[in-house]
Amino acid sequence: MTGLTGIIKFDHQGFRSDFILDIIELNNKEGLKKIGTWNSTKGINFTRSYREEYTQIVENLQNKTFIVTTILVSSLRKMSAVSTDFHERRGASKLIKRAN
1 MTGLTGIIKF
11 DHQGFRSDFI
21 LDIIELNNKE
31 GLKKIGTWNS
41 TKGINFTRSY
51 REEYTQIVEN
61 LQNKTFIVTT
71 ILVSSLRKMS
81 AVSTDFHERR
91 GASKLIKRAN
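As numbered in full-length UniProt numbering, residues 1 to 100 make up the sequence shown, in order.
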């Protein structure tokens, strides 16, 4: 079947298949702009360049305030290799694995 947008196909469940959608972005400078396509079989394909993407990110971050929080914790103390407490050794090994 042919429609206004081209050939229209349906799968065995009655859903439309094999079609392409344009991905449109709205920004302050250019208004609506096509930045890629989405295909029902292949997925997403962005058409804008790395430079365009980078410029957009930089412009979005200008004049923004960020709150940065840091947490100070005591460093891991070295556990004795001959520790007799099973849970102490086990806990230390988990912390060492996480730190690596």
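We put the beta carbon where it would ideally sit given N, CA and C, even for glycine.
Considering Cα atoms alone, identify which of the options is closest to residue i.
i, options, result
"S40", "I71, I20, L61 and M1", "I20"
"W38", "T47, T70, D22 and T2", "D22"
"D18", "K42, I71 and F66", "K42"
Consult DSSP for residue i and reduce its assignment to one of helix, strand or coil.
i, result
"T55", "helix"
"L61", "helix"
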